[in-house]
Structures are given as structure tokens and as C-alpha cells.
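Data block below; observations after.
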Amino acid sequence: MANTSPAFPALFYDTGLSAASEGWHWKPEFTLSILTQGTMKLSLGGEEYDLRTGDGYFVNSGFLSHCASSGDVCRQRTILFPGDLIGRMDPESGSCDIFFRKYVLPFSRRDAVPGVVLRRFEPEDNPLLNRIEQAWNSGSANAPDYELTVRDCISRILSEILHRPAVSGEAAEKYRRQEDRTKRILAYLEENFIEDLSIGELAVCAGISVSECLRCFRSVLHTTPIQYLKQYRLEKSAEMLASPEHTSENIADIARAVGFADMSYFTRAFRTRYRITPSEWRKTHLQTP
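When we follow full-length UniProt numbering, the leftmost residue of the sequence shown carries the number 1, and every step to the right adds one.
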């Protein structure tokens, strides 16, 4: 990760991504990313996309997304930036300059686009992908006048996205409601994942019915609450098994710590998800003394 300076709030990442390295998440910042190696599956805005080397994407602030390598490890270059990189808004008065009003504020509307996938083979997408590369190269290297280059590239990308036709109106509003409800459920689930949670309990935390809870998960995450909970527990167990802080704990203890009461079931589920056993995962990710 390259952090240019506290006065210039943009982060530049060059990261590897495995088949199970990044779960569902949302960020207050905007995301621009370009795939530099391998293939990737991106879930965004209720849709799933297959990306190849050279493709990229934009994720709007606050929207849920999920990405994973489609095969072996892939690599992507990412720029994470807040809206005030482009313009300024006074948090007390709500007044903002023309740059924030024209190029940032529209992304906060209820019918705003969750994100955009950019294809290298699409002529209209190539200029945006080239600007992502230009901004990343300049910012990550702290090149001369990188602040101007990065801000200009990102401003032009946002302007182009805003001028593209996108899903809006009732369909976008409905999806935004479902995503907001899903995010409330995920926050509750991730705080209480070791408990014996029921779908009814998850629905109550969002103030919705069980059927609406199931619809939200199906529409936004393409899974069920119970399946999401199992996958989240597996992710937490994988983190613990790979952490030097938990080397004194045996695998059965770690399984119980993330909510799995049955060791045999945990081992089968872990192997299905990660293609190796928990003990093999631990050996792979921890250095032998």
C-alpha cells in the first residue's frame, strides 16, 4: 500500500487476491480498480461479473461488493479515495463547492449507481481504464505533481460515469432499500456470529419479516442468511488458523470459537471452501520454527 500524504487523502494498493480472500464489505470511500493478472469474479449491485486481465471497476461509496479470484491468485491495482479529494462540503452547513456538487454529490442519491464494470475490449471503457492506470502509476510513485494528475484523472472518470445511462428510479430505489437492510443484518451477524442465530432473529434486527430477509439476501448477496453465516465463520476460522496469536489453540478450540459445535462438520465445510484441511491451512500459513 502507498499512502501519498495525510494532506492528500488517497490510498494506492497493489494486492493479490485468492479464491476466498475478501468477503462482502462496504466502505465510505470510492473505489477504482484494475485487474493486472488473472481472472476475478465481482459481485456488485445485485449482479455478478467475470473480469479478465485489463478489466476494471468502480464501486460507489457505501455500496456492498465482493470479489474473489476465479482461479489461482490474481492481482489488482486499486485506488481508494474520499469525495473530498475532488471537492469540499462543509459538514455543519451542508454547503459545498461546485466540484463536490457536480461530481460527488450525485453519487449519494438514492437512485445512484452502485458501481460500474469497465471492459478492456469496450472502446468507451478504454479511456477510463487508462486514466485509472495513469492515476495509480503517478500516485503510487509520488511522481512530480501527482496530486494534479490523480485528481484530474479521477474527476474525469467520475464525470464520465455520471453521464452514462444507468438503472434509476423505482428499481434503483428498491435495490438500495434491500441493500441498506442487508447491511444492518450483516453488521448484527458479524457482531454475534458465534451465537446460535436464527433467520427470525436476523430479520428482527432489521425490522423486517423473515420472507423479506430472505429476499434481501437472495437479491443482494445471492445466498441465504444461513449460508452467509457459515461462510463468515469459515473466514474467521481461517484468519485464526493463520495467525501467530492463536498457535497455542488446537483446531477444535478454534472451530468452537467461531461457532462450529461439530468438528467433523467444520472440517468438511473448511475443505469444501478452501480445498485443504484446517491443519494443512495452518501449516501453509504459519512458518515452521
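Using N, Cα and C, we set each Cβ at its ideal position, and we do this for glycine too.
Which residues mark the beginning and the end of the alpha helix (DSSP H) in which residue i is found?
i	result
H285	P278 to H285
A257	I251 to A257
A68	That residue, A68, is in no alpha helix (DSSP H); its beta strand (DSSP E) goes S65 to S69.
F270	M263 to Y274
V210	V210 to C216
F99	I98 to Y103
A242	From DSSP, A242 is part of no alpha helix (DSSP H); its letter is neither H nor E.
S219	It is not in any alpha helix (DSSP H) - S219 carries neither H nor E in the DSSP assignment.
Start and end of the beta strand (DSSP E) containing residue i?
i	result
E47	E47 to L51
G200	Premise fails: G200 lies in the alpha helix (DSSP H), I199 to A206, not in any beta strand (DSSP E).
M40	M40 to L44
residue 323	No statement about residue 323 is possible, as the shown extent of the chain runs from 1 to 289 and does not include it.
D14	F8 to L17
L80	C74 to F81
F58	G56 to V59
L32	F30 to Q37
Do residue i and residue j have their CB atoms nearer than 8 Å?
i	j	result
L32	I157	yes
T36	R75	yes
S237	I226	no
L229	L197	yes
R218	R176	no
W26	K183	yes
G56	L129	yes
I154	I208	no
H285	A257	no
With a CB to CB cut of under 7 Å and the five nearest residues on each side skipped, what residues in its chain are close to residue i?
i	result
T267	T277 and P278
T114	Going by the sequence as given, residue 114 is Pro instead of Thr. L44, G45, N60 and F63, listed in sequence order.
R88	C96, D97 and F100
R275	none
Take residue i and list the residues in its own chain whose beta-carbon comes closer than 6 Å to its own, dropping the five residues that flank it on each side.
i	result
I194	G259
G83	V104
Y49	L42 and V117
M240	H246 and I254
T78	Y13 and S33
C216	Q178, R181 and T182
Take residue i and list the residues in its own chain whose beta-carbon comes closer than 8 Å to its own, dropping the five residues that flank it on each side.
i	result
G23	H66, Q231, Y232 and E235
L189	L197, L202, P225, Y228, L229 and Y232
V220	G46, L64, Y175, Q178, E179 and T182
L214	I199, T224 and P225
Is any non-hydrogen atom of the ligand NAP found closer than 7 Å to the C-beta of residue i, if you look at the structure I gave you?
i	result
G87	Of the ligands one can find in the structure shown there are none, so the ligand NAP has no counterpart to examine.
Identify which residue in the options has its Cα closest to the Cα of residue i.
i	options	result
P28	K41, A10, T15 and G16	A10
F8	F58, R151 and R275	R151
W281	E160, I251, N126 and V220	I251
L186	A206, S138 and E212	A206
S159	A68, A141, F107 and S18	F107
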